[in-house]
Amino acid sequence: MPRRHLAFALTTVLVAALSTVPALPARAAQTIGYPSFTGPAVPAPPVTSVTGNTMQAIFDAESGGTDYWMDRLLARPGNDPAGTWLMTRGRGLFMKP
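Going letter by letter, the sequence shown gives residues -28 to -1, 1 to 69 in mature numbering (1 follows the signal peptide of the UniProt record, and there is no 0).
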């Protein structure tokens, strides 16, 4: 009799384990498409590489204006499918009004 209970228990566990279906990951409906970027790949820095504080030297070289090399480096002018999105080359900035 104990052998019959053991066989029933093992069969129940096996059927339960095989009947569970792993959940599939949810996927978002991707409708934004891919923007087409224009312009140079990497803008030239305003100063040559210096030992010490390179970022301060870049800031000092462009302190007269409001557009800095780092902004030009990260910003990518382009045209997206909807025309209302801002996309940059930074860490995936995505803004939609």
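Glycine is no exception: its CB is placed at the ideal position from the N, C-alpha and C atoms.
* Asked: Hey, quick one: how far does the alpha helix (DSSP H) through S(-10) stretch, first residue to last?
  -> Within the sequence shown, numbered from 1, the residue matching residue -10 stands at position 19. From DSSP, the alpha helix (DSSP H) with S(-10) extends over P(-27) to S(-10).
* Could you tell me the distance, in whole angstroms, from the CA atom of T38 to the CA atom of A(-6)? => The residue you call residue 38 lines up with position 66 of the sequence shown. The residue you call residue -6 lines up with position 23 of the sequence shown. For T38 and A(-6), the distance between alpha carbons rounds to 51 Å.
* Asked: Under the three-state reduction of DSSP, which class applies to D39: helix, strand or coil?
  -> One-based indexing of the sequence shown puts residue 39 at position 67. In the structure shown, D39 sits in coil (DSSP, three-state: anything other than H, G, I, E or B).
* Asked: Who are the Cβ neighbours of F41 in its own chain at under 7 Å, not counting the five residues just before and after it?
  -> Taking the sequence shown and counting its residues from 1, one reaches residue 41 at position 69. The sequence given here places Trp at residue 41; Phe does not occur at that position. Excluding positions up to five away in sequence, the list reads P15, P17, P18, I30 and E34.
* **C-alpha distance - R(-26) paired with A(-3), whole-angstrom precision** => To locate residue -26, count along the sequence shown from 1; it is residue 3. To locate residue -3, count along the sequence shown from 1; it is residue 26. Their Cα atoms are separated by approximately 44 Å.
* Asked: Under three-state DSSP, which class holds T20?
  -> Residue mapping note: residue 20 aligns to position 48 of the sequence shown, counting from 1. Residue state, collapsed to three classes: coil.
* If you follow the alpha helix (DSSP H) that A29 is part of, which residue opens it and which one closes it? -> Against the sequence shown, residue 29 aligns to sequence position 57. Taken as a continuous stretch (DSSP letters only), the alpha helix (DSSP H) holding A29 covers T26 to A33.
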